[in-house]
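First residue of the sequence shown: 23, per my numbering; consecutive thereafter.
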Amino acid sequence: MERLINIDNGGTLTDIVVGSGTDFTFTKTLTTPVDLSQCLFDAMTKASAQLFGKADLAGLLHSTRHIRYSSTQGTNALVERKGPLIGLITDDPQLVDALRASEETAELWVDLIGARVEVVSPDGTPEELARELVAGINRLTTAGAERLVVAASSLEREHLYKRTMLKNFPRHLLGSVPILFSREFAADTSRTRQVWSGILNSFLHPTVERFLYSAEHRLRAYKVKNPLLIYRNDGASSRVAKSVALKTYSSGPRGGLEGTRALAEAYGLANVLMIDVGGTTTDVGAVHDSTIAVDRRGSIQGVDISYEMSDVRSTGVGGSSIIAVRDGEITVGPESVGAAPGPACFGFGGTQATITDVNLLLGVLDPETYLEGEMALDAERSRAVITRTVAEPLGINLEEALILMEDTYSRRLAHAFADLVDPAGDTTVAAFGGGGPMSACGAARLADVRHVLVPRLAAVFSAYGISFSDIAQSYESDVTGLGAAAIDAAKQRMEASAARDMFQEGHNLSECDLEWTTITEGEAEILALKAVFRLPHPTFDGGLPAENSVAVASGTRQVRSSASQVDTVSVYRLDDQKPGAAASGPAIVEGPFFTARVPAGWRLNISAAGDLLLTDTHGHQHK
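What follows is the structure, given as structure tokens:
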């Protein structure tokens, strides 16, 4: 069977899962921010060595059907405001005020567009329009605009502007300043949502494009025929040339949610909260009755957009979040040390404390086994940094500082998902990402959650979740008030678009599922089509085996539980345990590329699939 490669590129680490049927190989590599195609190829080379016993990238690529890729780069670019200067051309003088009506949109407007606006006359002869447009584009580009968004009062006028621009600007000149036409870009009943979608897409596009085309170019050197697929925030994948940058925003968390839904179905769980603790952020989302909460019109940093997005929120608390003292109080994040310089214990020159440093000094992390022994951790650096930045400013000793830092971190993490907990008490927290299993039980107890599920693939779970995606394209038409013949014509146009796009994806429309729906939005009636080419999806078992056994410890570790107490706790290697194995905390479980902390009062069980099921046996309120 042909392999499918899934890659989730994060700010600190890049995860890869190579799947074929029920068989999975996975690994992690440090993200290389300067050239993202480098960590993509590093990850695939490492995975090939695991599969074949020696590095054989060409062998892996030639036995692979598709590479599906998700990146946080667009998300990070917008957070850090690293993108091109945008210029806006419109014939509607009221539009600018409407686009910056709220506090969030006004702030984003200043950062992305500012004064780079040209309002052209809504009428006049073609010659007058041409003169106005040429002068306007020249003014905007002189003011620094690197990309332009055209937002005219009707589709016909946008088409007129397009013809006029192509006639009056040589293609080589116009090509250096890409232009997006808002009404062509997104179908929407709300004008401000539609224009904002165009502005945000123009801002995100260069970040995504630069990396993707460089990756495709490198893949061509290996004579790879199948195109790179981009995983989108609607849970589907498509070719680079058939993807819009806006749909890559927050796509990784959607992968996590798809994996969480698969867990919920496998284990028969009604309410599951995902907490995906990465280096920089924790992504939180909910799956109720096997359904992922989706906003038909999503929002990005408080700005409404035209496209669907899953209901995920990010909190600036992660494994590389800076823990510091401000005004006599310990704070966590939102600033992060990222992959470079990283936590102090990485030894790359980090001078700020993180939860990774805390867990190393508490004894939760073993410097010998961290990231499968691929990265040596330096406890002395952690000790020096925490003493200087936390213990001394607070006038306490190192041991007291560690317990306070851990408690503050757990409270921040609990706060990120506490409002989503079902008061009836049947909520399970699915904890994954590099930092999720380490802190989940402490945070769950604070939020009155008694069940934590740590999948065996926790360290790469969002990448694993991408393996539930198919190749798909979506279309919409506003059919409000139209008769049967006009609706039929709209259907034919949409089907023709789907046939063209899916052919460019490499598939005939006859091989695809066509999902037609009619959506009512306010007064409008919208006809929607989704064309889907199904790819193989993984399957896995849930539940506990009938037979229980005692978990087999591989050793013990000294783990600090308070400022004055260090416990000798058993260490269990997850992959050494038989399904049905059980033990009581306090304990440490070492999974592939993750460490789970099981506090006193918690019980651990190994499921049929080799996942870690954790239960708080105290069973009383812990607020």
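For glycine and all other residues, C-beta sits at the position ideal for the given N, C-alpha and C.
Checklist entry - How is His644 classed by DSSP in three states: helix, strand or coil? => result At His644, the pLDDT of 45 sits below 50, so the modelled position is not reliable and the matter cannot be decided from this model.
Next on the checklist: Excluding the 5 residues flanking Ser175 on each side, which residues of the same chain have their C-beta closer than 7 Å to its C-beta?
Outcome noted: Within the same chain, Ser175 has close Cβ partners Asp113, Asp114, Pro144.
Next on the checklist: Among the candidates Lys245, His239, Val588, Ala315, whose CA atom is the shortest distance from the CA of Ala255?
Outcome noted: Here residue 255 is Asn; the residue named in the question, Ala, does not match the sequence. Comparing Cα-Cα distances from Asn255 to each of Lys245, His239, Val588, Ala315, the minimum goes to Ala315.
Checklist entry - In this structure, does DSSP put Ser576 in helix, strand or coil? => result Coil at Ser576, not helix or strand.
Next on the checklist: Tell me whether the region 214-230 and the region 171-188 touch, counting them as touching only if at least three CB pairs, one residue from each stretch, are closer than 8 Å.
Outcome noted: Short answer: they touch.
Item to check | DSSP state of Ala453 mapped onto helix, strand, coil | outcome: Three-state DSSP puts Ala453 in a strand.
Next on the checklist: So Leu107 and Gly166 are supposed to be a Cβ contact under 8 Å. How far apart are they, rounded?
Outcome noted: Contact check for Leu107 and Gly166: beta-carbon distance about 5 Å, within the 8 Å limit, so the pair qualifies.
Item to check | Same chain, Cβ closer than 6 Å to Asn28, five either side skipped, listed in chain order | outcome: Apart from sequence neighbours up to five positions away, the residues of its chain that approach Asn28 with a beta-carbon distance below 6 Å are Val39, Arg90, Ala485, Ile488, Ser489, ordered along the chain.
Checklist entry - Where Ser583 and Asp589 are concerned, what is the direct C-alpha to C-alpha distance, given to the nearest angstrom? => result Those two C-alpha atoms are separated by around 7 Å.
Item to check | Same chain only: Cβ atoms within 7 Å of Gly96, ignoring 5 sequence neighbours per side | outcome: Counting only Cβ-Cβ distances below 7 Å, and skipping sequence neighbours, we find Leu226, Thr229, Val230, Ala267, Thr270, Tyr271.
Checklist entry - Expressed to the nearest angstrom, what Euclidean distance is found between the alpha-carbon atoms of Gly577 and Val611? => result Spanning the two alpha carbons is a distance of roughly 11 Å.
Checklist entry - Which word fits Ala398, buried or exposed, when buried means at least 16 other C-beta atoms lie within 10 angstroms of its C-beta? => result It counts as exposed.
Next on the checklist: Need the endpoints of the beta strand (DSSP E) that Ile377 sits in, please.
Outcome noted: From DSSP, Ile377 is part of no beta strand (DSSP E) but of the alpha helix (DSSP H) over 377-384.
Checklist entry - Helix, strand or coil: which one does DSSP assign to Gly559? => result The question names Gly, but residue 559 in the sequence shown is His. DSSP places His559 in coil when its eight states are reduced to three.
Item to check | Spatial neighbours of Leu442 in its chain, beta-carbon cut-off 6 Å, leaving aside the 5 residues before and after | outcome: Excluding its 5 nearest sequence neighbours in each direction, Leu442 has C-beta neighbours in its own chain below 6 Å: Leu295, Ala308, listed in chain order.
Next on the checklist: I'd like to know whether the C-beta atoms of Asp349 and Ala366 end up nearer to each other than 9 Å.
Outcome noted: It is not a contact, given that the beta carbons lie outside the stated cut-off.
Checklist entry - Should the region 180-188 be called in touch with the region 118-132, which here means at least 3 C-beta pairs below 8 Å? => result No, because fewer than three Cβ pairs between the region 180-188 and the region 118-132 fall closer than 8 Å, the two stretches do not touch.
Checklist entry - Which class does Leu479 belong to by DSSP, given the choice of helix, strand or coil? => result Coil, per DSSP.
Next on the checklist: Using the Cβ count rule (16 or more neighbours within 10 Å means buried), how would you classify Val132?
Outcome noted: Classification of Val132: exposed, given that the 10 Å Cβ count is below 16.
Next on the checklist: So Thr617 and Pro459 are supposed to be a Cβ contact under 8 Å. How far apart are they, rounded?
Outcome noted: With 8 Å as the limit, Thr617 and Pro459 qualify as a contact, their Cβ atoms being about 7 Å apart.
Next on the checklist: As a quick exercise: from Glu527, Ala481, Val572, Leu479, pick the residue whose alpha carbon is nearest that of Asp492.
Outcome noted: Taking the Cα of Asp492 as reference, the smallest distance to any Cα among Glu527, Ala481, Val572, Leu479 is reached at Glu527.
Next on the checklist: Between Ser519, Thr353, Thr373, which has its C-alpha nearest Ala362's C-alpha?
Outcome noted: Minimum Cα distance to Ala362 is reached at Thr373.
Checklist entry - Along the chain, where does the alpha helix (DSSP H) that runs through Ala466 open and close? => result In the DSSP assignment, Ala466 falls within the alpha helix (DSSP H) that extends over 458-468.
Checklist entry - So what does DSSP say about Ser491, is it helix, strand or coil? => result Here Ser491 sits in coil by DSSP.
Checklist entry - Any idea what DSSP makes of Asn627, helix, strand or coil? => result Per DSSP, reduced to three states, the secondary structure at Asn627 is strand.
Checklist entry - When you compare only the Cα positions, how much space is there between Pro678 and Pro415? => result The chain is shown only over 23 to 645; residue 678 falls outside these bounds and no answer can be derived.
Next on the checklist: Helix, strand or coil, according to DSSP, for Arg472 in the structure here?
Outcome noted: Correct three-state label for Arg472: coil.
Checklist entry - Does the Cβ of Phe555 have 16 or more other Cβ atoms within 10 Å, making it buried, or fewer, making it exposed? => result By the neighbour-count rule (16 or more Cβ atoms within 10 Å), Phe555 is buried.
Item to check | Cβ neighbours of Arg472 in the same chain (closer than 8 Å, five flanking residues each side left out) | outcome: By the criterion of a C-beta distance shorter than 8 Å, Arg472 is surrounded in its chain by Gly447, Ala466, Thr637, Asp638, Gly641, once the five residues flanking it on both sides are discounted.
Next on the checklist: So within the region 108-182, which uninterrupted alpha helix (DSSP H) runs reach at least 4 residues, ignoring any that extend past its ends?
Outcome noted: Correct list: 117-121, 125-134, 148-164.
Checklist entry - With Phe46 and Leu468 assumed to form a contact (beta carbons below 8 Å), what rounded beta-carbon distance in angstroms separates them? => result Phe46 to Leu468, Cβ: 33 Å. No contact.
Item to check | Opening and closing residue of the beta strand (DSSP E) in which Asp298 lies | outcome: Residues 293-299.
Next on the checklist: In the DSSP output, what is Arg240 paired with across the bridge?
Outcome noted: Residue pairing by DSSP places Arg240 opposite no residue, since no beta bridge is assigned to it.
Item to check | Delimiting residues of the beta strand (DSSP E) encompassing His310 | outcome: It spans 304-310 - the beta strand (DSSP E) in which His310 sits, taken as one unbroken run.
Checklist entry - How is the alpha helix (DSSP H) around Ala512 delimited, first residue to last? => result Its alpha helix (DSSP H) spans residues 506-526.
Checklist entry - If we ignore side chains and look at the alpha-carbon of each, how far apart do Glu24 and Arg410 end up? => result Each residue's alpha carbon lies about 53 Å from the other.
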